[in-house]
Amino acid sequence: MLVRIVLYNQIFRFAVKDRKDISMKGKITKELLSAGEDLLGWYEGSKRTFPWRNTDDPYRIWISEVMLQQTQTSRAADYYLRWMELFPTLEDLARATEEGVLKAWEGLGYYGRAKNLLRAARLLAEEGRDTLPSELHALLSLPGVGTYTAAAVASIAFGLAVPALDANAKRVFARLTDLELPVDRAEGEEILRNFMGGMMPRQKPGDFNQAVMDLGATVCLSVTPSCPLCPLRKVCLSAERKTIPQRPVFSQRKKSASIEGQLWVLKSEGMVCLRRRPSKGLWADFEEFPWSAPPLEERVLPFPPPAPGFFSSLGRVRSSFTRWRLTLEVLLFEGKAGADFAPSQARWVEGRELETLPLPGPSRKARELLFAKGVISVR
DNA sequence: GAGTCGTGGGT
DNA sequence: TACCCAAGACT
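For the first sequence, the positions run 392 to 770 when my numbering is used.
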């Protein structure tokens, strides 16, 4: 709760206070404020079109913002449209099942987001609400809503003047201020959030936040920025000093490691064998084909591995998360359950059930292999 | 603060 | 191929 209050104070300053206390090596000047207006003008002519920009429904904006956490817009669009057909309102979502929500989220990653959406919808429904609250602190109290998402929803759906500091905004303002501090640490973030909040025009905060993101996604690119096209080039300290390629600065990038292993598809009379994952950690609560990739995951398999000679390889599937790059060989065992293999802590499901079951990445790709190779015939 | 949590496209 | 990284939140 304390954390929530601190976050709340961090972004709430800009909803109530003036353009003071900008802890930049410079201040919010008239030129900068004017540039902010220029950016709004640029946005009017250059903004991207997305399905979530056709609405002012706070529920829809909330869903889109959560889907877009660490996710590129091009991937979220289809999921958003499908989600709105399945769960068009907050009440619909509150009545949904977790399996239904996870199935709708399947393939989008960070599945805690979907679980949190459901939790939040149920919490709000219990309070008798039919839409999102408009107060910043109430938004922040929802599971899965942090500083960025609260500010985005508050500004876009409710017109509150709070800066939504996402990765795009960090890049844009780290360059504008030529910030040498890392943008993934509290000190750097605080400076950038102050700067952005100070520069933000008070009349269209939602448009301003989205303008910054669009600028970061189409002009102020990470590797190949188009500075000549930038409406902020005249006030960009980094462009002036030719430090664009060095901005923004990140504190640490951890290296990743490759791991190889095997994934087993046990098939017996049209049925396949799945196990359930633990309720915490990676792919929590999902069912999946059993796999092993020591030393990353040395879990007890639900069966003694079948004798060699009865299997065929269907190909490889890849998946990466945190600092691991996982490659699994998909091995198919066809035989008779009980005789050729005897799973213990697993369940058998009909092949066609795989379609409706939410599966984690490797199992999802293995399922596609099964369908593609006609091992299981549905569709 | 540092780790964890997914995925697929871009270079 | 082997990286990088994107509309972050949580523990």
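Yeah, the Cβ is synthetic: ideal placement off N, Cα and C, and Gly gets one too.
Check: Counting only the same chain and skipping the five closest in sequence on each side, list residues whose C-beta sits under 7 Å from that of Lys756.; Outcome: Val708
Check: Is it buried or exposed, Pro596, if we count other Cβ atoms within 10 angstroms and call 16 or more buried?; Outcome: buried
Check: So for Thr718, helix, strand or coil by DSSP?; Outcome: strand
Check: Can you check whether the CB of Leu509 is closer than 8 Å to the CB of Leu533?; Outcome: no
Check: Going by Cα to Cα distance, which pick from Leu719, Ala487, Leu620, Glu526 is closest to Gly752?; Outcome: Leu719
Check: Have a look at Val407 and Pro524 and give me their C-alpha separation to the nearest angstrom.; Outcome: For Val407, the predicted structure reports a pLDDT of 39, less than 50, and the residue's modelled location is therefore unreliable. A value from the coordinates is still provided. Each residue's Cα considered, the two are about 18 Å apart.
Check: Please determine, among Thr488, Asp731, Gly519, Thr522, the residue with the shortest C-alpha to C-alpha distance to Lys506.; Outcome: Thr488
Check: With H, G and I counted as helix, E and B as strand and the rest as coil, what does DSSP make of Leu572?; Outcome: coil
Check: Decide if the stretch 557-566 is in contact with the stretch 631-645; the criterion is three or more beta carbon pairs, one per stretch, under 8 Å apart.; Outcome: yes
Check: Determine the extent of the beta strand (DSSP E) in which Val740 is found, giving its start and end residues.; Outcome: 738-741
Check: Pick helix, strand or coil for Glu759, following the three-state DSSP scheme.; Outcome: helix
Check: If you reduce the DSSP assignment to three classes, tell me which class Gln653 lands in.; Outcome: strand
Check: Ser455: buried (16+ other C-beta within 10 angstroms of its C-beta) or exposed?; Outcome: buried
Check: Hey, could you find the ends of the beta strand (DSSP E) Ser735 is sitting in?; Outcome: Counting along the chain, Ser735 falls outside any beta strand (DSSP E), and DSSP gives it neither H nor E.
Check: Taking C-beta to C-beta, are Tyr370 and Ala602 nearer than 8 Å?; Outcome: Here the chain has residues from 392 to 770 only, and residue 370 is not among them.
Check: What number of angstroms, rounded off, separates the C-alpha of Pro479 from the C-alpha of Gly726?; Outcome: 45 Å
Check: Could you tell me the boundaries of the alpha helix (DSSP H) in which Val663 lies?; Outcome: Looking at the DSSP string, Val663 is not in any alpha helix (DSSP H); the run it does join, the beta strand (DSSP E), is 662-667.
Check: Taking only the alpha-carbon atoms, compute the straight-line gap between Ser754 and Val492 and give it to the nearest angstrom.; Outcome: 18 Å
Check: Give me the Cβ distance between Ala737 and Cys664, rounded to the nearest whole Å; I'm assuming they're in contact under 8 Å.; Outcome: 5 Å
Check: Are there 16 or more other CB atoms within 10 angstroms of the CB of Leu761, so buried, or fewer, so exposed?; Outcome: buried
Check: With a CB to CB cut of under 7 Å and the five nearest residues on each side skipped, what residues in its chain are close to Gln653?; Outcome: Trp682, Ser683, Leu719, Glu720, Leu722
Check: Nearest-angstrom Cα distance between Gly765 and Pro619?; Outcome: 53 Å
Check: So, with DSSP's three-state summary, where would you put Ile413?; Outcome: Caution applies to Ile413, whose pLDDT of 44 falls short of 50 and renders its modelled position unreliable; the value that the coordinates give is listed next. Coil, per DSSP.
Check: Once DSSP output is grouped into helix, strand and coil, what is the label at Gly765?; Outcome: coil
Check: Taking 8 Å as the cut-off, does the stretch 575-589 touch the stretch 429-448 (at least 3 CB pairs, one atom from each stretch)?; Outcome: no
Check: Could you check which residue in Leu628, Ala511, Met475 has the C-alpha nearest to that of Asp569?; Outcome: Leu628
Check: Taking the alpha carbon of Ala763 as the reference point, which residue from Met475, Gln594, Gly706, Ala541 has its own alpha carbon closest?; Outcome: Gly706
Check: If you follow the beta strand (DSSP E) that Phe712 is in, where does it begin and where does it stop?; Outcome: 702-712
Check: Can you find the residues in the same chain that come closer than 8 Å, C-beta to C-beta, to Gly503, ignoring five residues on each side of it along the sequence?; Outcome: Gly535, Ala675
Check: Do Val656 and Phe724 have their beta-carbon atoms positioned less than 8 Å apart in this structure?; Outcome: yes
Check: Which class does Ala675 belong to by DSSP, given the choice of helix, strand or coil?; Outcome: coil
Check: List the residues that DSSP assigns as beta-bridge partners of Leu628.; Outcome: DSSP output for Leu628 lists no bridge partner at all.
Check: Residue ranges of each alpha helix (DSSP H) run of no fewer than 4 residues wholly in the stretch 527-558, ordered along the chain?; Outcome: 527-531, 538-549
Check: Note the first and the last residue of the continuous alpha helix (DSSP H) segment covering Pro596.; Outcome: 596-609
Check: Please work out which residues of its chain come closer than 7 Å, Cβ to Cβ, to Asp598, disregarding the five sequence neighbours upstream and downstream, and give them in chain order.; Outcome: Leu431, Tyr434
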